[in-house]
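Q:
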Amino acid sequence: MSNKWRTILKVVIMVGAYGYLAYLLLTFDRYDQLISSFQNLTISRWFLLIAAFLLMPVNWGVEAWKWKTVTCNLQELTFGSAYKAVLMGLASGFFTPNRICDPVGRVMPLNEGNKGKGVMLSFVCTAAQSFACVCFLLISLSIGSLPQFLSVSSVVLVSVAIVAYLTLPLWGRYVSIPKSPVIDNAFRAMDEVSYPLLLSVSAESILRFAIYSTQYYLMLLFMGVELSPFMALVLIPVNYFLITVTPSVSFSEVGIRGSYASLLIGGFTGEPVAAAIAAVIVWIINYILPLIAGTLFVARCK
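If you read the sequence shown in our numbering, its first letter stands for residue 51, the second for the next number, and so on.
Have a look at this one:
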C-alpha cells in the first residue's frame, strides 16, 4: 500500500471512530440515570467498579494473546505488538456494521505480503469468540428454563456454528479460488490453522468470554440488580448470544445492548433500566479508552 492510501486510510479510521463516538455521546438519552448511578458510592460499590475497570486490560490482553497465537505461523509478533494490533483493529472496526473492518487495523503491523492472510486469520479469531459464546449458551440451555422458541432457534444456530467452526482447519485444504489469486492466497493462511492451534484459540476465547461476562455481572451488582451467580450463568450468555447474532450498524449497537439487557435480565429481575445502564457502563469501560489508544496507534503506524 502506498503512503498516500495509507494516510487516507488513517484519516478515514480517525474520522469514523471519533465521529461515531461523538454521535453516541450526543444521542445518548440516559445521562440522568448514568450520572445517578455514580452518586453516593459505597466502598463495596467502588470495589465493584474498580474490579470491572481492572478487568478491561486483561480482557484485551487475552484477545492480544489470541491474535499472537493465531498468527504465530504467519509472522512472529511480540505480545506488545499484538496488543497494539488488536486495539488498532478496534479503532478501524468501531464505526462499521458488526465491526467488519476490524481486520483493516489489525493487520497494519504485519508485513505487506502477510496482510491478506492476516485478514483470514482475523476471521478465525472472530469465529473463535463466537464459538466461546456458543459454548456458554449450551450451558445456559442445559441448566436454565428458557422459552421453547428461544431454545429451538438457539439449537439450530448453535449446530450450524459448531460445524462451521470445527471445519475451519479444512478450508485451506479444500477451498481453492484459482480465478482470483488474491483471495486464493488469503485462503492459504488457513493451511496454518491446525486443530491444536484451534484448540488454543478456543480456550483463550472462552477465557475472554468469562472475563467480560464477569465485568457485566459486576456492573449489574454495582447497579443494585439482584441476580444470583447461577442465574447470571443462565442469562448473561443468552444476552451476549442475542447481541452476536443480531445484524447491526454501529450507530445502533449501544441501543441493541441496552434493549436486550433490559428485556432479558431486566425482565427477570424487575430492574430493566438498571440492567440497561449496566450494559452501557461495561461498553464504555471496554471500548472508549481502548478506542482512544487504538486511534493513537493507527496514527503512529508507518
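Note that the Cβ used here is the ideal one computed from N, Cα and C, for glycine as well.
Which same chain residues end up closer than 6 angstroms to leucine 257 when comparing Cβ atoms and leaving out the 5 residues on each side of it in sequence?
A: As a first step, residue 257 must be located in the sequence shown, where it is residue number 207. Hits under 6 angstroms: Val112.
Q: Would you tell me roughly how many angstroms separate the C-alpha atoms of alanine 253 and tryptophan 96, rounded to the nearest one?
A: Working through the sequence shown from its first residue, we reach residue 253 at position 203. Working through the sequence shown from its first residue, we reach residue 96 at position 46. Straight-line Cα distance between these residues: approximately 31 angstroms.
Q: May I ask you to report which of helix, strand or coil DSSP gives glutamate 312?
A: The count along the sequence shown starts at 1 and reaches residue 312 at position 262. The amino acid occupying residue 312 in the given sequence is serine; glutamate does not appear at that position. In this structure, serine 312 counts as helix in the three-state DSSP scheme.
Q: Using alpha carbons as the reference points, say which of Gly317, Gly274, Phe291 lies closest to glutamine 89.
A: Reading the sequence shown from its first residue, position 39 is the one you call residue 89. Cα-wise, what sits closest to glutamine 89 is Gly274.
Q: Using 10 angstroms around the beta-carbon of arginine 223, count the other beta-carbons present and answer buried if the total reaches 16, otherwise exposed.
A: Stepping through the sequence shown from its first residue, residue 223 is reached at position 173. It is exposed - the Cβ of arginine 223 has fewer than 16 other Cβ atoms within 10 Å.
Q: Out of curiosity, what's the CA-to-CA distance linking valine 358 and glycine 168?
A: No information on residue 358 is available, as it lies outside the stretch 51 to 352 that the chain covers here.
Q: Here's the rule: buried if 16 or more other CB atoms are within 10 angstroms of the residue's CB, otherwise exposed. What is alanine 114?
A: The residue given as residue 114 occupies position 64 in the sequence shown. Using a 10 angstroms sphere on the CB of alanine 114, the tally of other CB atoms reaches 16 or more, which defines it as buried.
Q: Go ahead and label serine 255 buried or exposed: buried means 16 or more other beta carbons lie within 10 angstroms of its beta carbon, across all protein chains shown.
A: In the sequence shown, residue 255 corresponds to position 205, counting from 1. Burial call: buried.
Q: Under a three-way DSSP split, which group does threonine 264 fall into?
A: Residue mapping note: residue 264 aligns to position 214 of the sequence shown, counting from 1. It is helical.
Q: How would you write the range of the alpha helix (DSSP H) that threonine 294 sits in, first residue to last?
A: Walking along the sequence shown from the start, residue 294 turns up at place 244. Unbroken alpha helix (DSSP H) run through threonine 294: 279 to 295.
Q: For glycine 155, count neighbouring C-beta atoms within 10 Å of its own C-beta (all shown protein chains included) and say buried if the count is 16 or more, exposed if not.
A: For the purposes of this step, residue 155 is taken as the residue at position 105 of the sequence shown. With 16 or more other Cβ atoms inside 10 Å of its own Cβ, glycine 155 counts as buried.
Q: Could you check the C-alpha separation between valine 284 and lysine 134 for me, to the nearest Å?
A: Translated into positions along the sequence shown, residue 284 becomes position 234. Translated into positions along the sequence shown, residue 134 becomes position 84. Roughly 34 angstroms between the two C-alpha positions.
Q: Is the beta carbon of leucine 127 sitting closer than 7 angstroms to the one on glycine 344?
A: Taking the first residue of the sequence shown as position 1, residue 127 is located at position 77. Taking the first residue of the sequence shown as position 1, residue 344 is located at position 294. Contact: no.
Q: For a quick check, are the C-beta atoms of leucine 98 and phenylalanine 272 less than 7 angstroms apart?
A: Counting from one through the sequence shown, the residue named residue 98 turns up at place 48. Counting from one through the sequence shown, the residue named residue 272 turns up at place 222. Here leucine 98 is near phenylalanine 272, since their CB atoms are less than 7 angstroms apart.
Q: Cα separation between methionine 106 and isoleucine 100?
A: The residue labelled residue 106 in the question sits at position 56 within the sequence shown. The residue labelled residue 100 in the question sits at position 50 within the sequence shown. Whole-angstrom Cα-Cα distance: 10 angstroms.
Q: Are asparagine 164 and leucine 124 close, meaning C-beta to C-beta below 7 angstroms?
A: Mapped onto the sequence shown, residue 164 falls at position 114. Mapped onto the sequence shown, residue 124 falls at position 74. In this structure, leucine 124 lies closer than 7 angstroms to asparagine 164 by Cβ.
Q: Cα separation between tyrosine 266 and leucine 104?
A: Taking the sequence shown and counting its residues from 1, the one referred to as residue 266 is at position 216. Taking the sequence shown and counting its residues from 1, the one referred to as residue 104 is at position 54. Cα to Cα, tyrosine 266 sits roughly 13 angstroms from leucine 104.
Q: Just to check my reading of the structure: alanine 329 and glycine 308 have Cβ atoms closer than 8 angstroms, yes? What is that Cβ distance to the nearest angstrom?
A: Position 279 of the sequence shown, counting from 1, holds the residue named residue 329. Position 258 of the sequence shown, counting from 1, holds the residue named residue 308. The distance from the Cβ of alanine 329 to that of glycine 308 is about 5 angstroms, consistent with a contact at the 8 angstroms cut-off.
Q: Excluding the 5 residues flanking tyrosine 357 on each side, which residues of the same chain have their C-beta closer than 6 angstroms to its C-beta?
A: Since the first residue of the chain shown is 51 and the last is 352, residue 357 is not available in this structure.
Q: So, is valine 295 buried or exposed, given that buried needs 16 or more other C-beta atoms within 10 angstroms?
A: Mapped onto the sequence shown, residue 295 falls at position 245. Looking at its Cβ environment, which holds fewer than 16 other Cβ atoms inside 10 Å, valine 295 is exposed.
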